[in-house]
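These notes are about the structure you will find just below.
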Amino acid sequence: EDKVVQSPLSLVVHEGDTVTLNCSYEVTNFRSLLWYKQEKKAPTFLFMLTSSGIEKKSGRLSSILDKKELFSILNITATQTGDSAIYLCAGVSGSARQLTFGSGTQLTVLP
Amino acid sequence: ETGVTQTPRHLVMGMTNKKSLKCEQHLGHNAMYWYKQSAKKPLELMFVYNFKEQTENNSVPSRFSPECPNSSHLFLHLHTLQPEDSALYLCASSQDWDEQFFGPGTRLTVL
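If you read the protein sequences in the order shown, they are chains A and B.
Just so we're aligned: 402 in our numbering is position 92 of the first sequence, and the numbers increase by one with no gaps anywhere.
Just so we're aligned: 915 in our numbering is position 86 of the second sequence, and the numbers increase by one with no gaps anywhere.
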């Protein structure tokens, strides 16, 4: 059974801090790993990672995948209160076209 | 606006009612998905439709019945639900296996 584990489950920081969110995965026929940000509504897509060691960046957010050690990290620098959300990672199984989500990390950024 | 719409946004129903959730995607994708999100649990994949053919159902109870009349529309028919079925039901679509775009969800409460 595919499994995705995220840590920490929750994190409280102050504006301006840098945070690192972790995601480890065990996915059969692994195809890619996705990061989403979920506020009050539906998840919104952040990154798709398929190649090991290549960093994806978008503004203050960046992410990298390690396919040998089966994990990914999401970094957020100079955090802002608007970064407060649940961050989800999901492993994609190519054979079943299935996403397995982790339980998410609840990030709270205090002013 | 993600290009995936869901109606209704909120639904309250009794255990003996029959109702349907609707999802429509305007992105030209070839796959659509139903997810259930309960409090403090990871997203759970319920159904996957690829070219209108159901490919995954993940052992969902028969009181949930999906229908995909074409590649742009997806329904979830509900009957004789239980209070534990109360959750946020999310629809998503994708082209091929990877990045999924989510609708805003239907918040379902079963009394």
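Ideal Cβ placement from N, Cα and C applies to all residues, glycine included.
All values derive from a computational prediction rather than experimental measurement.
Asked, Found
"Going by C-alpha to C-alpha distance, which of A:L321, A:A388, A:G363 sits closest to L343 (chain A)?", "A:G363"
"According to a CB-to-CB cut-off of less than 8 Å, which residues of the stretch 924-940 of chain B neighbour chain A?", "W926, D927, E928, Q929, F930, F931, G932, P933, G934"
"Quick one, are the C-beta atoms of G401 (chain A) and V337 (chain A) less than 8 Å apart?", "yes"
"Under the rule that 16 or more other beta-carbon atoms within 10 Å means buried, what is H906 (chain B), buried or exposed?", "exposed"
"CB N859 (chain B) to CB F880 (chain B), shorter than 8 Å?", "yes"
"When we look at the beta-carbon of T387 (chain A) and count the other beta-carbons within 10 Å, is it buried (16 or more) or exposed?", "exposed"
"With a CB to CB cut of under 6 Å and the five nearest residues on each side skipped, what residues in its chain are close to T328 (chain A)?", "T387"
"Beta carbon of A395 (chain A), beta carbon of G932 (chain B): below 8 Å?", "no"
"Report the residues of the stretch 314-335 of chain A with a CB closer than 7 Å to any CB of chain B, ordered along the chain.", "none"
"Can you pull the chain A residues whose beta carbon is under 7 Å from the beta carbon of L968 (chain B), in chain order?", "In the structure as shown, chain B begins at 830 and stops at 940. Residue 968 (chain B) is therefore absent and cannot be evaluated."
"So, at 6 Å on beta carbons, what are the nonlocal neighbours of T418 (chain A) in its own chain, with the 5 sequence-adjacent residues on each side left out?", "V322, S394"
"Please state if the CB of L910 (chain B) and the CB of V889 (chain B) are separated by a distance shorter than 8 Å.", "no"
"Residues in the same chain with beta-carbon distance under 7 Å from K848 (chain B), minus the five sequence neighbours each way, listed in chain order, please.", "L840, M842, L907"
"Kindly list, in the order they appear in chain A, the residues whose Cβ is closer than 7 Å to that of L874 (chain B).", "Q408, L409"
"Any C-beta of chain B within less than 7 Å: which residues of the stretch 337-348 of chain A qualify?", "R341, S342, L344"
"Using a C-beta to C-beta distance shorter than 8 Å, which residues of chain B count as neighbours of G412 (chain A)?", "P871"
"What is the C-beta distance between G369 (chain A) and Y397 (chain A), in whole angstroms, given that I count them as a contact (C-beta under 8 Å)?", "The pair is not a contact, with the Cβ atoms about 15 Å apart (cut-off 8 Å)."
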